[in-house]
Structure formats: C-alpha cells, structure tokens
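Numbering (the numbering used here), first residue to last: 94 to 460. Take a look at the structure set out below.
Structure below.
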C-alpha cells in the first residue's frame, strides 16, 4: 500500500529486521553467522536504495513512485538493485540460498513464502505504474528464473534446491507483473509446505533419501505441493502458470516454457523419492499436520481463481512439460554428479555482485 519510496524504505527495513531475528533464533554459531550475513547484505542494499530515493527527490521534489519516470538512470539502477537484492532476485539475490537453507524449517517457510515478497512487490508496482521500466522488470525476472532453475537442477541438497527454486519462482512473478499476485500466492503456499515437510525428512541429501524411504504420510503432501509448482492440473500452480504465460510477451513465453521444464526436473527429485508406510514418528504433531492441511487446502481452493485455464490445449501442454521434465530427470539429472560453483554466494563477493548489477541496470536504463 506504500505510495512513496520513504514509506517503502521503512516497511522493507522492518520486514528485514524481523526476518533476520528469526534466522538468528536458534542462537548457534552457524545461525548467528547467517544472521549477520543477511543483516549486512540487507543494510548495504538499503544504503544504495536511499541514495536512489534521494536522486528521485532531487529530480521531482517528491518521493512518489511516479517520480521514477523523470528521474536520472542512476536512481532507477540503485533502487532496482536494492529491491532485487531484498527480493532474492537474479545474481544480487544469491544471499538467499544459504540463508534459507541454513535457517530452521519454519523460518525458511516464512522467509520464502512471505518475507522475500517485500522486495518483489515494489518492483511489480513500478512496472505497472511506469511503462518505461516494465521491460526492465520483465528482463530481470526472466534472468532470475533462468539462474535459479539452472542451479536447482544440479543441487543435491533438499533445502538448497528449494531455496534456488525460490529465486527462480520469484522471477516468474516479475515476468508478468500484471498477474504476479496470483503467482505469488501460489508460490507462498507451495514453498511453505515444501520447507516445512523438508524439515521432517530423514536427511537433507537426496542420495541418502534414496536409501531411506520416507513415511508415506509425508510423501503425499510433498508430492501434491511439488506437482502444484510444476503446473499440474487441478492445483493452483496450473492456473497460475497458464495465466502468467498468457500475459508474457511472445519471446518471454518461449524462454519461460523451457524454465517450466526445468522446474519439473527439480521437483521430480522429491516426487520420485522412495516411501513406505510408517508408524507414529516425531513429525506426528497435530499442529504440524493442521498447518500442512491448511496449506494444501489453499492450493486446491485457489485453483478456482482462474478456471478459464482448463482448456484441452493448456492441460495437454502442462502434462507434456511435466512429462519432459520427469524424463530428463530419470535419464540424466538423477544420475549426474555435476555441481555448479558457489562463487557468487560467498560473502566477500556479494557486495561486488551488487555493484555489477547496478552497472548493468544503469546501462539498461540508458538504452
């Protein structure tokens, strides 16, 4: 509901501080380091943001979003870089995988499902208000979707895969700003479910999970959530993907269909894990299952928001994309030992990457 950059700054800082305190809650050495890393990156990003906001005021004598249109390219570059960083998008958002994967599972669910959206929605607002920045937002959304899914496909750790998938799925929201809200809702429900369930699995490593069958009671909601974000019919993810692709530009749609195959590959790693009937375990808490039931119910109910998606063409296309992804998973990605480098995730590289993204944004804004 913010209409100016200073009100937005306050909201972003409050959400960032709240999120960082949740990360630090276990008070272990590891969690405190991740907390400080998260806080530092967020503070640096917001310093860039404030400089951009000052430039907007200098040009318009107002901090309103509309003032961005007549502001210098430097203002667009600095503000957008900060929002991309806060939202965990593109290369400047590579702080996200470590933060989300090392936090407690309920915290990861909240961060991925809600907190990172605080940086995404202002970008959506700017894209809807200002036609000039709409292509920039879409371009970086597509870049984030490609980057995130590329890393996720080769990830061997469950929570890191989900974190990289978040980077990718947030890109989907920006790729079609007009309907980003529906996709954000679906993503929030799915990722909250997946992170909560991932915290109850016997191991974080897919290799070990292949040798330790999980309880079928966990596998069923895990599969439902994975199918939803893959775009399977009868779940909210199907309608969200169809609607999002409908509002994309033709060249965007071609690229994002390939990204959708990548998403199916990633989530197939969960769907095809071995499972068996098991007795009562530590995850059999009524509060836990009530939360999972509400989230899964949300995925089913939200499916009614866009019933127009259910044409034969859309259904066959969705099933084909998922089938191709599963086939690629079975033939190659399940067996590959390739690991992509974590160079840009290192703390000392993150600030440098933010500067490079600012330069790239400045160049894009000029052109």
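In this text, a Cβ means the ideal position worked out from N, Cα and C, and glycines have one as well.
request  = Would you identify the three-state DSSP class for residue 368, choosing helix, strand or coil?
outcome  = Per DSSP, reduced to three states, the secondary structure at residue 368 is strand.
query = Does the beta carbon of residue 284 sit closer than 9 Å to a beta carbon anywhere in chain D?
reply = Protein chain content of the structure displayed is limited to a single chain, and chain D is not contained in it.
message = For residue 449 and residue 379, I'd like the C-alpha separation in whole angstroms.
response = 48 Å
task = Consult DSSP for residue 341 and reduce its assignment to one of helix, strand or coil.
result = coil
message = Please list the terminal residues of the continuous alpha helix (DSSP H) segment that includes residue 122.
response = From DSSP, the alpha helix (DSSP H) with residue 122 extends over 122–153.
ask   = When burial is assigned at 16 or more other CB atoms within 10 Å of the CB, is residue 309 buried or exposed?
value = exposed
query = Is it true that the CB of residue 438 sits closer than 9 Å to the CB of residue 191?
reply = yes
inquiry  = I'd like the list of long-range same chain contacts for residue 341, defined as Cβ closer than 7 Å, with 5 residues on each side in sequence excluded.
reply    = 268, 269 and 349
inquiry  = For residue 47, list the residues DSSP reports as bridge partners.
reply    = Given a span of 94 to 460 for the chain in the structure shown, any question on residue 47 remains unanswerable.
message = Under DSSP, the alpha helix (DSSP H) around residue 168 begins and ends at which residues?
response = 166–179
message = Between the segment 191–205 and the segment 226–242, can you find at least three pairs of beta-carbon atoms closer than 8 Å?
response = no
query = What are the uninterrupted segments assigned as alpha helix (DSSP H) that are 4 or more residues long and contained completely in the segment 378–456, given in chain order?
reply = 379–394 and 405–421
Residue 41 classed as buried or exposed, judged by whether at least 16 other C-beta atoms fall within 10 angstroms = The displayed coordinates of the chain run from 94 to 460. Any statement about residue 41 would go beyond what the structure contains.
ask   = Should residue 302 and residue 295 be called a contact, given that it needs their Cβ atoms to be closer than 9 Å?
value = yes
Helix, strand or coil at residue 298 according to DSSP, with G and I counted as helix = strand
request  = Could you name the residues of the same chain whose beta carbon sits closer than 7 Å to that of residue 251, not counting the 5 residues immediately before and after it, in chain order?
outcome  = 291, 294, 297 and 299
key: Unbroken alpha helix (DSSP H) run spanning residue 279, endpoints   = 273–291
query = Three-state secondary structure (DSSP) at residue 196?
reply = The answer is coil: DSSP assigns residue 196 none of H, G, I, E or B.
message = Can you find the residues in the same chain that come closer than 7 Å, C-beta to C-beta, to residue 185, ignoring five residues on each side of it along the sequence?
response = 174, 177, 178, 446, 447 and 450
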